[in-house]
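Reading the sequence shown from the start, the letters are residues 0 to 98 in numbering that gives the first Met the number 0. Each residue gets a CB set at the ideal place from its N, CA and C atoms; glycine is no exception. Report on one structure; see the data block that follows.
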Amino acid sequence: MKKKKSTGIVRGIDNLGRVVLPKELRTAMGLTGDSKVEIFAENGAIVMRKYIPPKACAFCGAVDDHAVVFEGCCICPACCAKIASLQPGQMVGEGSVEP
């Protein structure tokens, strides 16, 4: 896990639960007025990071940060490995007939 860098900035939460992020931090993280962030809890901390839409595998639906995009389709590493192990003419999965 990456080491966290303290900014030394403490911010309050308003009545609606909002926190204002310092402009310098928004700029450094590439956040603009239309950016989206995801918020989650991790080890007793509230973590916020820039939202990157998930890459769901076209074959199994798994969401993996290491998915590759081929011909416009996301493919997770596990499915890439299965595809790489196929022999010419071999069919696997739904609709295939096992010999």
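Reduced DSSP category for residue i - H, G, I as helix; E, B as strand; rest coil
i	result
E70	coil
C55	It is worth fixing the name first, because residue 55 is Ala in this sequence and not Cys. Here A55 sits in strand by DSSP.
V62	strand
V18	coil
Residue i - containing beta strand (DSSP E), residue span
i	result
K49	A44 to K49
A40	V36 to E41
Residue span of the alpha helix (DSSP H) that contains residue i, given as start and end
i	result
A27	K22 to A27
C78	P76 to A83
Review point. With contact counted as at least three CB pairs below 8 Å, one residue from each stretch, are the segment 44 to 61 and the segment 23 to 35 in contact?
Key: Taking 8 Å as the limit for Cβ pairs, the verdict is that the segment 23 to 35 does touch the segment 44 to 61.
Check your understanding: Does the segment 61 to 68 touch the segment 34 to 48, meaning 3 or more C-beta pairs lie closer than 8 Å?
Key -> Segments in contact, no.
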